[in-house]
Structures are given as structure tokens and as C-alpha cells.
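Going down the list, the sequences are from chains F and P.
Each residue of the first sequence is one higher than the last, beginning at 1 in our numbering.
Each residue of the second sequence is one higher than the last, beginning at 1001 in our numbering.
Think of the CB as a built atom: it goes at the ideal place given N, C-alpha and C, for glycine as much as any other residue.
A short worksheet on the structure shown next.
2 protein chains.
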Amino acid sequence: MNLESSLITWIQKKSGKLSSAVKLGIGDDCAVVKFSGDLIFTKDSLVEGTHFKWGYQTLFQLGRKALAVNLSDVAAMGGVPLYALVELGIPKKFSQEKIKEIYRGIFFEAKTQATTIIGGNIVTSACFWISITLIGKSAKHFVTRSGARSHDLIGVAGYLGLATAGLHSIKRGLKGYGVLKKAYQKPCVLVGVGSVLAQKRWVHAMIDVSDGFLKDLNHVCCQSKLGAQIEITNLSIHPQLSLWAKKNNKNVFHALLSGGEDYALLFTFPSKHLKNIHKLLKNNGILFNVLGEITPKKGLFLTQKGKPHPLPKCLGYDHFS
Amino acid sequence: MNLESSLITWIQKKSGKLSSAVKLGIGDDCAVVKFSGDLIFTKDSLVEGTHFKWGYQTLFQLGRKALAVNLSDVAAMGGVPLYALVELGIPKKFSQEKIKEIYRGIFFEAKTQATTIIGGNIVTSACFWISITLIGKSAKHFVTRSGARSHDLIGVAGYLGLATAGLHSIKRGLKGYGVLKKAYQKPCVLVGVGSVLAQKRWVHAMIDVSDGFLKDLNHVCCQSKLGAQIEITNLSIHPQLSLWAKKNNKNVFHALLSGGEDYALLFTFPSKHLKNIHKLLKNNGILFNVLGEITPKKGLFLTQKGKPHPLPKCLGYDHFS
């Protein structure tokens, strides 16, 4: 690991006091951490031009989000985040002050989730990217994408469609739509909710909605070798999203079903636990909707007020298209 | 983590059988691994234009090297590599076959060091980069950069200067120099040597020589708050390096002292253990040189046959210049 000298001291200072489990933090070839049990690992990145454009968010927000997308993966397993390794690919002209501002965002987000930055790297790169590895403690019963069962209900915790509408509003310079813009710039990840859900062994499958509801549901269905039926009018529509769709001549269902980056949690569970889930999520002040059911027949089937609704050609965001 | 669908199955298959400690591998939001003890983490990358240019090595070699640079960090702590997370930033035109060839190189290198790929990510990026996170088991007595003591001898296991001369030979299309080119394209990392050295509690400090001998020695000195005196004629010069320097009118000491990417191990130890070290490394068939001594006085001081030799302006490779 190579964090160049003048930045190391600053980053070390800002990373705060290390817990006794961290035997060696930033500044050596490796970090050393004591642990016993089941660990979880994820690695996700934000890449200039692919995941964001300059000017659509501040550098601080970019740093926050780079960590948030990883925290959301941990949430989707029901885990507890512990440590992060942060790597930045930085164009030559990029100033140290800009790098620091990104790190400030990362440290801010890390603090909200009691996550310690234990190492990383900064390298020169023709294009800008942030790649973060997050290490967490697994839930006793970790929840995979592949555990869905036939006739499970499909629930979503959190609003959908806001971030994609927010991005559109920022791009076009639209006034207002604060909730939508905030959803894009400062996503709120549901680490606590994921952890609470994973404590219930009857939550069979879970994923975070990063690529779009239908695309992520499709991941669950494919990996569980099952299908799903969705009644699209079951989706809660945030008033600002309705307004945005109306004023901008947009199909609200497209945003709800295929818009990415909301970091809601999609999970499946038996219908007999519906009341339990309602209570659980209400206690956490989280919006909750049941959108449909897992089916033995493969494929995704949509209805609108009971009548068949066509499946969009593009289910969501494709990371590699 | 998002590895796009058609590639996932291929990568999953190639990653081989998972040990019982891996509860969940590639293909979900996180990987899950059971562990007890001290873990080490490192994160390093190869970036197009910064660390390599196309055509200077095959895609297979690039994959090998991307993992090797991380393995070398683990070697420098005396650890044992266990798991890796692999992330690729790929320009849109890049074919799946090319991606697979890079992965073949990664899997090959992983196999040589009993390392399992447990997850990762593939994202579109304007420029190409590979970022790898390596997770390993720490040595009981892990060796840091900051542990050097006054009057420790400074030892190097492995040849220096070969990779930089190899890169020059490849760039210029020079015939011959197979050893030099191999050093650049297929670096051999000293994981076993690092582990053997770390078992000796009297090996006080260690670092892998990735940025150049003087630069990495300087890291050890700065972090140990000490200095070093080096007799440059103590360096073993590989016959092909001598020939290369002579034929290409190059200063051989520049390659030896400031050339990067050799992945030799630099370590410090008390002089009374010199015989021990000689025996230990001879048994492993590894070249070993004692280059000088750690001094209470800060700074690096070079001599050539006892006479002062100027310190080069640039100590080695700067990742962020």
C-alpha cells in the first residue's frame, strides 16, 4: 500500500483513534486486525463518467457516497461494517486539497457507521476513480441473494425512484426537488435495517437496490432459480417524485422500477410474517411496501391494477454496457 | 459487488473449489469467510499509463503482476496470503476474451500462492485499472517498516535493478536480456522468504522493494526515525545487468539503487545474526546481500569503496508525481 508521504500524516490523523483490535493501521505494507468469527468483504467503486460526473455533487458528497455504496452491500447481508481500505486513482492535476475534501466525506460517512479506515492507496490515473474495500462482521444468519422461496412476499424498505429523478433534476438545473437531489447526492444506507432483518431467520433473501428494482429483483430470482410477480401500483410514490414526473413528462413507473442508486433493501419472507415486518420497520421509521410474490415460474411478471404490464427492455443500470 | 452476468459464471468456475472457511464466494453482495486470529489487509493496483503500458507485457502477465504486487506486500509483513478481491476498471471497447485472459493470469498467480479469489467487481472506466485487495494471515510476529534499530544491518533478499533494465530493453525492442525482461514481466514475489524471516523475532523491520531500493529504505528509516549508511559496491550485480549497462551506456548504480518493481525484500537485523540469515536464505536458494547499517543519525548516506557517493535527486518511483 502506498499513500504518498505528505498525505499519509493527514489521513492518519483524520482516521481517528484505532480500536484495540487494530494492531496496525495506515502507513505500512499491510494493516493488521485481530478477529474471530465470520467476516464479510465487499469491494465497490465510483468511476468518473460511469457512476458520476463532476458538478453533480460536491467532493465531500462523492467521498460519502463511495463509502455508502459499500456500506449498502454490507446492509444487504445483514452485517455490521468494521473497517475500510480506500484507494484513489487521481489525475495529475488534482490538488491535495481536493483529495482531502473527498477523504473528509469518506471519514464523515465512516463515523456515522462506526467504520475505521485502516489502509489504502493513492495512485496517479488518467481518469478518476475511488475503490473501497469494506470489511464487516457477518450476521449470525447472513442473508444471500439466492435464498428466496416460492410464494415468499417481496418487500422493499425505503423509497424507490428518487435518486434517478434527483440526478435528472441536477443535470437539468431544475429548481426545488430537494428530496430527490438529496437521494442522489447523499444516499442514506440502511445498515441498521439490514441487521434487524437478518436477525429474523425467515427473511430468506436480501439485496440492496443499487442498479434498479427490476434488475436487482432479477438477480434474486436468477440466483434463487425462481420468478416473481409484481403489482406495480403497490409501490409508494414520494410526492416530489409524482410532481417531478408530471412536470417533466416522465413515466413515474420507469423511475420506480428501473432507476438505480436508491440503496433501498429488497427482501423476501413468508406471508405469515407480514405483520412482524410492518411492526419492525415502523419502529425504525422506515417506509415499507410489499410489491408482490416470488413464483415457482421463472421470469419477472408485472401487473398494473391486475392487468399485465410490459416488462421494460432495460431492467436497470448495466455496469458493463 | 457487481460482476456482470455472463462473466460471473466463468469466473466462479475458474476460481476453483472453495475451502470450508469460505462460506460464501463470488456472486453475492459480500463474500463471507470464517477466521480466528490476526488478519492482514493490503490494497494495491496497476493503472494503465502509470504502472504499465500495453504491449510491454501480455494480458496474462498483467493479471499475474496485479496480484503479485499485493502478494509482495503480504511477504513484506511475513504473512501468508489467503483471499483476494479483484476489481477491474475496463474501457468499453475491451473484449470479454481480453478480460478472461487477465483473469487467467490472476488465477495462475493465485494458485502458486494458494490464494482464493472470493469476490470483486467489474466496472466501465475511461482508463484501464486493476485494483486488488489481499487478505492474509498475519505472522505471529509481524514485521513493520518502523521497527529498525540503530546499528542493525541492512539486508536485501533477491536481485535489484533487473526490472527497470528489463522495462528499458522491452521499450527499446532490444534483443536478449531474457532475465531482465522476465524480472519486469513476471516478477517473482518472496512470500516464503518473508514468512521465514518473520519467524525470527530479531528481524526488526521489513519492506518490499517496489519503488526502488533507496526510496523504500527511506520509508524504513523515516518510520523508524533513524538513518542508514550504504556501501553501494556491496550490491550484487547480475551479469545481464552489467552487460545491459555497458552496452546501453547506463549507470548500473542508478538501476540498482532507484529502479523499482524488483519485489526484493529489504530487512534489518542485528549483526550477530548475520550467519543465521546467510544460512536461512541459502537454504531457500535466494541471493542475499548486506548493504550497510542503520544509523542513529537521520538521512541516507552512500559510499562507494568507502568514499562518499552523492545521493540521487530522485530516490525512486513516486506514485503521485
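Here's a check: name, in chain order, each residue in its chain whose Cβ is nearer than 7 Å to the Cβ of residue i, leaving out the five neighbours to either side.
i	result
F:L226	A148, S150, I294, T295, P296 and K298
P:K1313	none
F:N284	G192, V193 and V196
F:Q113	L71, P81 and V191
F:F52	L46 and L62
When the cut-off is 8 Å and only beta carbons count, does residue i lie next to chain F?
i	result
P:G993	Residue coverage of chain P in this structure runs from 1001 to 1321, which leaves residue 993 of chain P outside it and unanswerable.
P:Q1304	no
P:D1152	no
P:S1126	The identity of residue 1126 of chain P in the sequence shown is Ala, whereas the question assumes Ser. By this cut-off, P:A1126 is an interface position.
P:S1131	yes
P:N1121	yes
P:V1189	no
P:E1109	no
P:Q1061	no
P:E1087	yes
P:R1093	One point to set straight first is that residue 1093 of chain P is Lys, not Arg, in the sequence displayed. By this cut-off, P:K1093 is not an interface position.
P:G1173	no
P:T1042	yes
P:S1015	no
P:H1319	Model confidence at P:H1319 stands at a pLDDT of 49, short of 50, so the residue's coordinates are unreliable; what they give is reported in the following sentence. Cβ-Cβ to chain F under 8 Å: yes for P:H1319.
P:L1024	yes
With a cut-off of 8 Å, does the C-beta of residue i fall near any C-beta of chain P?
i	result
F:R145	yes
F:S19	no
F:D262	no
F:I118	yes
F:A66	no
F:T50	yes
F:K279	no
F:C30	yes
F:A76	yes
F:L39	yes
F:G166	no
F:G27	yes
F:I230	no
F:N142	First, the residue type needs correcting, since residue 142 of chain F is Phe and not Asn in the sequence shown. Closer than 8 Å: yes.
F:I207	yes
F:V33	yes
F:V193	no
Short of 6 Å in beta carbon distance, which residues of its chain neighbour residue i, apart from the five on each side in sequence? Order them along the chain.
i	result
P:Y1184	A1163, G1166 and L1167
P:H1273	W1202
F:N70	T42, D44, I132 and L134
P:A1245	V1252
P:L1088	I1122 and I1130
P:I1230	L1291, G1292 and L1302
F:T268	A148, D152, I154, H204, A205 and I294
F:G161	L241, A255, L256 and G259
F:A84	T115, I117, I132 and L134
Examine the ligand ADP and report whether any of its heavy atoms sits within less than 7 Å of the Cβ of residue i.
i	result
P:Y1056	The ligand content of the structure shown is nil, which means the ligand ADP is not present either.
Please classify residue i as buried or exposed, where buried requires at least 16 other C-beta atoms within 10 Å of its C-beta.
i	result
P:A1264	buried
P:K1175	exposed
F:H238	buried
P:G1251	For the record, residue 1251 of chain P in the displayed sequence is Asn; it is not Gly. By the 10 Å Cβ count, P:N1251 comes out exposed.
F:G260	buried
P:H1278	exposed
F:S271	exposed
P:T1240	Here residue 1240 of chain P is Gln; the residue named in the question, Thr, does not match the sequence. That one is buried.
F:L3	Confidence is the limiting factor: at F:L3 the pLDDT is only 48, short of 50, which leaves the residue's position unreliable and the question unanswerable from this model.
Which residue or residues does DSSP assign as beta-bridge partners of residue i?
i	result
F:Y83	F:T116 and F:I135
F:A157	F:L265 and F:F288
F:N121	F:E87
F:G227	F:T295 and F:G299
P:G1037	F:F35
F:V22	F:V33
F:T9	In DSSP, F:T9 forms no bridge with anything.
Within the same chain, show all residues whose beta-carbon is closer than 8 Å to that of residue i, passing over the 5 residues directly before and after it, in chain order.
i	result
F:H141	G78, A198, Q199 and R201
P:K1307	none
P:P1310	L1302
P:F1288	G1155, V1156, A1157, I1277, H1278, L1281 and K1282
For residue i, go through chain C and note every residue whose CB falls closer than 7 Å to its CB, in chain order.
i	result
F:G79	No chain C is part of this structure, whose protein chains are labelled F and P.
Determine, using beta-carbon pairs with one atom in the segment 1125-1137 of chain P and one in the segment 1200-1215 of chain P, whether at least three such pairs fall under 8 Å.
-> The segment 1125-1137 of chain P vs the segment 1200-1215 of chain P: no contact.
Contact the segment 1153-1167 of chain P vs the segment 1102-1122 of chain P: 3+ CB pairs below 8 Å | The segment 1153-1167 of chain P vs the segment 1102-1122 of chain P: no contact.
For the segment 255-262 of chain F and the segment 1051-1068 of chain P, state whether three or more C-beta atom pairs, one from each stretch, are separated by less than 8 Å.
-> Flag = no, the segment 255-262 of chain F and the segment 1051-1068 of chain P do not touch.
Counting pairs of beta carbons, one from the segment 68-79 of chain F and one from the segment 189-199 of chain F, are three or more of them closer than 8 Å?
-> By the criterion of at least three beta-carbon pairs nearer than 8 Å, the segment 68-79 of chain F is in contact with the segment 189-199 of chain F.
Kindly confirm or deny that the segment 3-15 of chain F and the segment 114-122 of chain F touch, where touching means at least three C-beta pairs closer than 8 Å.
-> The segment 114-122 of chain F and the segment 3-15 of chain F touch, with three or more beta-carbon pairs separated by less than 8 Å.
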